[in-house]
Amino acid sequence: MPAKRTKRVEDIQAIYRWAKLLEARGYIKNIAGDRNVLSNLLRKKHVGVYAGIDPTAPSLHLGHLLPLMVLFWLYMHGHNAVSLIGGATARVGDPSGRLKSRERTASSVHASNAQSLHVQVETLWQNATASGQKHGHEQKPEWRRQLLDNADWLGKVDIVSFLQLLGSGMRIGTMLGRDTVKNKLEKGDGMSFAEFSYPLLQAWDCDQYGNIVAGIDAIKHITQNGDERSVKLDDSSAPMGITVPLLTTSKGEKFGKSAGNAVWLDASLTSPFDLYGFLLRTTDEDVPRHLNLFTFLPVAAIESLLEEHSKNPGKRLAHHALATEVLQLVHGPEVAAETRAKHEVMRRPSLASLVSKSVTPGEDPGITTSTTETQQETIKLARSQIENASLAKILYQAGLAPSVSAATRAIKSGGVYVASSESSSTSMNEVETANEDGLTFAPVSVDSRLEDIASFLQDGLIVVRMGKWKVRVIEVDDDQQVSS
Numbered sequence: 329m330p331a332k333r334t335k336r337v338e339d340i341q342a343i344y345r346w347a348k349l350l351e352a353r354g355y356i357k358n359i360a361g362d363r364n365v366l367s368n369l370l371r372k373k374h375v376g377v378y379a380g381i382d383p384t385a386p387s388l389h390l391g392h393l394l395p396l397m398v399l400f401w402l403y404m405h406g407h408n409a410v411s412l413i414g415g416a417t418a419r420v421g422d423p424s425g426r427l428k429s430r431e432r433t434a435s436s437v438h439a440s441n442a443q444s445l446h447v448q449v450e451t452l453w454q455n456a457t458a459s460g461q462k463h464g465h466e467q468k469p470e471w472r473r474q475l476l477d478n479a480d481w482l483g484k485v486d487i488v489s490f491l492q493l494l495g496s497g498m499r500i501g502t503m504l505g506r507d508t509v510k511n512k513l514e515k516g517d518g519m520s521f522a523e524f525s526y527p528l529l530q531a532w533d534c535d536q537y538g539n540i541v542a543g544i545d546a547i548k549h550i551t552q553n554g555d556e557r558s559v560k561l562d563d564s565s566a567p568m569g570i571t572v573p574l575l576t577t578s579k580g581e582k583f584g585k586s587a588g589n590a591v592w593l594d595a596s597l598t599s600p601f602d603l604y605g606f607l608l609r610t611t612d613e614d615v616p617r618h619l620n621l622f623t624f625l626p627v628a629a630i631e632s633l634l635e636e637h638s639k640n641p642g643k644r645l646a647h648h649a650l651a652t653e654v655l656q657l658v659h660g661p662e663v664a665a666e667t668r669a670k671h672e673v674m675r676r677p678s679l680a681s682l683v684s685k686s687v688t689p690g691e692d693p694g695i696t697t698s699t700t701e702t703q704q705e706t707i708k709l710a711r712s713q714i715e716n717a718s719l720a721k722i723l724y725q726a727g728l729a730p731s732v733s734a735a736t737r738a739i740k741s742g743g744v745y746v747a748s749s750e751s752s753s754t755s756m757n758e759v760e761t762a763n764e765d766g767l768t769f770a771p772v773s774v775d776s777r778l779e780d781i782a783s784f785l786q787d788g789l790i791v792v793r794m795g796k797w798k799v800r801v802i803e804v805d806d807d808q809q810v811s812s
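Those letters in the sequence shown? Residues 329 to 812, by this note's numbering.
Below is the structure:
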């Protein structure tokens, strides 16, 4: 066999092995189409693959990384990868999984969101390529990727052509039988014609399982309708689709933009420090799964890391590896290293090295794209400013709560803690077990004031945590005078 053909066969075999690996890492939930046909297709050639994102917010959230990771992996194995922003479909509004209709949003907002996502996705691609190379996936000339917006073609389709080409092949009974439609009609606030038609628009793009199935049906209908578009689809050109697992919270709730607890990939919405902290608090049970889903670490390297982690779980080697890898992907290696250093320094009694980036109330560092200048995790407050203030007001001034009333509610619910080193004496309530950062956190009451937490001062610093992962370091300045 000629050397060139031998190399081609080896490449295809590698692709097939990778397809099995993709499933083993936990990326595949469902396959739309015949699994054997997909396996045979991957044996024979490289394919085109895409993942879609509707610009319903100005940033991606952590859940968006799942389909994008599949795209990144496919790209690194020679497939033509397309990131698709749903500039057109977002204007209609996806009713999937919702009982209440989305609020109407101005077209200008969707356009602005689409532009922001375009920049963010391009950054992710650059970081993903660098991360892949770090783990042995050297970039090759045949690697192909595109970043597109479906407004570019859906905006040009007139309603008559749309109904003629696609509408004639979509059966009302099938559409009414879908869970999204049934739940919205029977348990929700009803369904508009626009929402009902959403799967038709998505059939051109096919991003969720039901819409993928609709898209496959649409392709078959349009290519077999007897006009100039008619073609014969064999197994080598058959449309296929895969879906990824839905990322959920510990309570099993959807972890996305609509759930109210999104972890954003934009540094101005979720700081790198908070993102790292969130990942650092991944449960031990979830760490292996998340390392497979959110990193480019080889499976053997993950197994070795987990084995090393098990020897001394307190060091949380696996957790730090997960957080570092994700931050490298989202914000780049420099920010990842800087953020890891800030978190690791919190394992020591002295936190002075965290003060270098502190800001004072009234200062405006500006809205920039620098991840080190947004949502500062260290803030400088004058002692005179906070010693007579309620803890709720201090939390608000430190940026841990959007308002004093919100801070008060968090304190009353038992969700606010003050930290000390393990060697410090404590006198407030009962102390929580030392957390993963080597600090001991004690819950505080709504009546707590500075004098109540004086024993928690370390080198003029107070570490406050709200919830499980949002941390701020307050530097108490005896001399600085800042008006409240």
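Don't be surprised by glycine CBs; every beta carbon is placed ideally from N, CA and C.
Computed from a prediction, not measured in an experiment: that's the story for all the values here.
Query: Beta-carbon spacing of W319, S387 below 9 Å; Result: Residue 319 is absent from the structure shown; the chain starts at 329 and stops at 812.
Query: Rounded distance between the beta-carbons of I413 and D477, thought under 8 Å; Result: 5 Å
Query: Check: P383 C-beta below 8 Å from any heavy atom of the ligand COA; Result: Absence of the ligand COA is noted for the structure shown, with no ligands found whatsoever.
Query: Where L789 sits in the DSSP three-state scheme; Result: strand
Query: Opposing strand residues paired with R472 [DSSP bridges]; Result: N408
Query: For N620 and I630, believed in contact at Cβ under 8 Å, the rounded distance; Result: 6 Å
Query: Reduced DSSP secondary structure (H/G/I, E/B, other) of D594; Result: coil
Query: W481 burial status per 10 Å Cβ neighbour count (16 or more: buried); Result: exposed
Query: Proximity of L394 and P573 at Cβ, strictly below 9 Å; Result: yes
Query: Cutoff 7 Å; reference Q467; Cβ partners in own chain excluding five residues on either side; Result: T457, Q461
Query: Span separating the alpha-carbon of G406 from that of A360; Result: 22 Å
Query: Beta-ladder partner(s) of F622, from DSSP; Result: The partner list for F622 (beta bridge, DSSP) is empty, contrary to what the question assumes.
Query: Beta-carbon spacing of A590, G483 below 9 Å; Result: no
Query: Alpha carbon of D765 to alpha carbon of T652, nearest angstrom; Result: Reliability of the predicted coordinates at D765 is poor, the pLDDT of 48 falling under 50, and the value obtained from them is presented with this limitation in mind. Cα to Cα, D765 sits roughly 15 Å from T652.
Query: C-alpha distance - G464 paired with T508, whole-angstrom precision; Result: 42 Å
Query: R617 versus F606: straight-line alpha-carbon distance, rounded; Result: 16 Å
Query: Span of the alpha helix (DSSP H), counted from its first residue to its last, around K721; Result: 719–725
Query: Proximity below 9 Å, CB of T768 to CB of A735; Result: no
Query: Residues that D805 bridges to, as DSSP identifies them; Result: A710
Query: Extent of the continuous beta strand (DSSP E) run through Y378; Result: 376–381
Query: Boundaries (first-last residue) of the beta strand (DSSP E) holding T571; Result: 569–571
Query: Residue from G727, Y526, L396, K515 whose Cα sits closest to the Cα of T623; Result: L396
Query: Supposed contact pair R668 and Y604 - C-beta distance, whole angstroms, cut 8 Å; Result: 7 Å
Query: Nearest residue (CA-CA) to R353, options W401, G391, P383; Result: W401
Query: Host beta strand (DSSP E) of A360 (start-end); Result: 358–360
Query: T754 in three-state terms, based on DSSP; Result: Confidence is the limiting factor: at T754 the pLDDT is only 43, short of 50, which leaves the residue's position unreliable, though a coordinate-based value still follows. Three-state result, T754: coil.
Query: Cβ separation of I722 and I714, assumed to be a contact under 8 Å, to the nearest whole Å; Result: 5 Å
Query: Exposed unless 16 or more other CB atoms sit within 10 angstroms - verdict on R793; Result: buried
Query: Alpha-carbon to alpha-carbon, A409 and L399; Result: 6 Å
Query: Beta-carbon proximity check, I356 vs I570, cutoff 9 Å; Result: yes
Query: Cβ-Cβ distance between D362 and A665 below 9 Å; Result: no
Query: Of the listed residues L369, P771, S436, nearest to M568 (C-alpha basis); Result: L369
Query: Inter-residue CB distance, L650 and T611 (contact presumed, cutoff 8 Å); Result: That pair is no contact at about 12 Å.
Query: D806 versus G788: straight-line alpha-carbon distance, rounded; Result: 9 Å
Query: Distance, V627 Cα to Q703 Cα; Result: With a pLDDT of 46 at Q703, under the threshold of 50, the predicted position of this residue should be treated as unreliable, though the coordinate-derived value follows. Using only the alpha carbons, I get a separation of about 35 Å.
Query: Nearest-angstrom beta carbon gap, S435 and Q656 [assumed within contact, 8 Å]; Result: Their Cβ separation, rounded to whole angstroms, is 35 Å, which puts Q656 and S435 out of contact at 8 Å.
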